[in-house]
Each structure stands twice: as structure tokens, then as C-alpha cells.
Amino acid sequence: MKSSVMTKWLRSGLALCLGVVLAFPALAQEDALKAFPGYVDFGELNSIFGEPTVQISIGASLLGLVASLSAEEDPEAAELFKKLNGVRVNVFETESMADGAVDLVKDISGKLSQSGWESVVTVNSADEQVRVFMKLNAETVDGITVMALEDNEAVFVNVIGNINPEELKRVMKNFDVEIDR
């Protein structure tokens, strides 16, 4: 009986250690991304929306790998991926517009405007709130941020890196997405 209790504690301890070890790279990656001018702190999204249905946080290393793997098939996209420092996506399913969600988006929008981000899209309607911001630096874009709220979904995206608008336009055209500057 003692061995089964000891085995449970050992397994629990190993699971805890493994969880901590795996969490450190994600935390370190998030901390590393904070140093870039294109990073946006969305605050505590989970406190308003709950757990995300989709959460993506990719740093420069993985983006470099994606660039290498896609270089032959789509060299333009590969070049763009090489210049990115990170991509963060949080998607939340909601039954209705969450309390405080619109205020959160307005608060983040105000902070972005005060810190030099340019608003490129604003949609204010009864059933939809959308904000798109770009952090411009001479001829490049240091970051793009999208915040979109609907009755059943909230989406927060932050693309961080040295983005040439012409490269972005060509890559998006390959995916049949029109971007006019």
C-alpha cells in the first residue's frame, strides 16, 4: 500500500515538475516579446472572457522554422516570417458581448494611441467592435494589432516584427486577402 501511495506522489511530483519546465519557455518567450516596440499588452483577457478557445504564441525561433519550411513553396511568405519576432492570437467564444469587453478595447485603444500606434480601422456598431492599429517606424511596421468583438466571439491578435507593407500586401494577396494602404 505504501508503494502505491509513493508512486502516486512520485507521478504527481513528476507531472508538476514537467508542467513547470514546459511553462518556462512560454513565459520566457512572452517576456522576450515584451521588449519589442510592436508588442501589445492586452491585460488579463481571461478575467473578462474566461479561457480562450484558441491561444497561439509563436516566437522568432518557430517563425524561422516555418520560414525555412515554406521557403520553396512561397518564398515571399518565408521572407516575411523571417522578419517577424512573434505572433500572438487569443480567441474567446462568448454567449454575448462580455461585460467590460468594450471598455477593455477602448482602454487598450487609448493606450496604443498615446504610445504612437496609428489607428487604421475602427468599427463601432451595436453588434460589433473592431480596432486595427499599426506601429509605424519610417518605412516599416513594427507591429499590427487587431481587436474584434462580436456577440459570440472576441479576437485579439498581435503581430510583432519588422513588416514591410509591400511584402505584407504580396503575401496577403497570395491568400486572397486584399490590403489597401
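Residue numbers (this note's numbering): 184 to 364. Note that CB positions come from ideal geometry on N, CA and C, so glycine has one too.
Please name the residue or residues paired with Ile343 in a DSSP beta bridge. Here residue 343 refers to the residue found at position 160 of the sequence shown. Bridge partners of Ile343: Gly269 and Gly326.
Kindly indicate the opening and closing residues of the beta strand (DSSP E) around Val313. Against the sequence shown, residue 313 aligns to sequence position 130. Element bounds for Val313: Glu311 to Asn320.
Residue from Glu262, Ala250 and Phe232 with nearest C-alpha to Leu287: In the sequence shown, residue 287 corresponds to position 104, counting from 1. Measuring from the Cα of Leu287, the nearest candidate turns out to be Phe232.
Closest Cα partner of Asn347 within the set Glu227, Lys217, Asn320 and Asn341: Taking the first residue of the sequence shown as 1, we reach residue 347 at position 164. Asn320 is the residue among Glu227, Lys217, Asn320 and Asn341 whose C-alpha sits nearest the C-alpha of Asn347.
Pull the bridge partners of Asn307 from the DSSP assignment, please. The count along the sequence shown starts at 1 and reaches residue 307 at position 124. As a beta-bridge residue in DSSP terms, Asn307 pairs with Gln312.
With distances taken between CB atoms, is the gap from Val342 to Met330 smaller than 9 Å? As a first step, residue 342 must be located in the sequence shown, where it is residue number 159. As a first step, residue 330 must be located in the sequence shown, where it is residue number 147. No. Outside cutoff.
In whole angstroms, what is the alpha-carbon distance linking Glu148 and Asp325? No statement about residue 148 is possible, as the shown extent of the chain runs from 184 to 364 and does not include it.
Going by the DSSP bridge assignment, what does Glu301 pair with across the sheet? If you number the sequence shown from 1, residue 301 lands on position 118. Beta-bridge pairing links Glu301 to Met317.
For Ser292, which residues from the same chain have a beta carbon less than 6 Å from its beta carbon, with the 5 sequence-adjacent residues on both sides left out? As a working mapping, residue 292 is identified with position 109 in the sequence shown. Arg314, listed in sequence order.
Alpha carbon to alpha carbon, how far is Leu295 from Val304? Give it in angstroms, no decimals. The sequence position of residue 304 within the sequence shown is 121, counting from 1. The sequence position of residue 295 within the sequence shown is 112, counting from 1. Roughly 13 Å separates the two Cα atoms.
May I have the straight-line CA-CA distance separating Gln238 from Val340, to the nearest angstrom? By one-based count along the sequence shown, residue 238 stands at place 55. By one-based count along the sequence shown, residue 340 stands at place 157. Roughly 10 Å between the two C-alpha positions.
Top-ranked residue by Cα proximity to Leu216, from Glu276, Glu349 and Asn345: Locating residue 216 in the sequence shown gives position 33, counting from the first residue. Of the candidates Glu276, Glu349 and Asn345, the one whose C-alpha sits nearest the C-alpha of Leu216 is Asn345.
Below 9 Å between beta carbons: does that hold for Asn273 and Pro235? The sequence position of residue 273 within the sequence shown is 90, counting from 1. The sequence position of residue 235 within the sequence shown is 52, counting from 1. Yes. Within cutoff.
Whole angstroms are fine: how far does the CA of Ile327 sit from the CA of Pro258? In the sequence shown, residue 258 corresponds to position 75, counting from 1. In the sequence shown, residue 327 corresponds to position 144, counting from 1. The straight-line gap from Cα to Cα measures roughly 22 Å.
Looking at C-alpha atoms only, which residue of Ala218, Phe225 and Leu263 is the closest neighbour of Asp290? Numbered from its first residue, the sequence shown carries residue 290 at position 107. Comparing C-alpha distances from Asp290 to each of Ala218, Phe225 and Leu263 shows the shortest one belongs to Phe225.
Is the beta carbon of Glu262 sitting closer than 9 Å to the one on Glu350? As a working mapping, residue 262 is identified with position 79 in the sequence shown. As a working mapping, residue 350 is identified with position 167 in the sequence shown. Yes, the pair counts as a contact, with Cβ atoms nearer than the cut-off.
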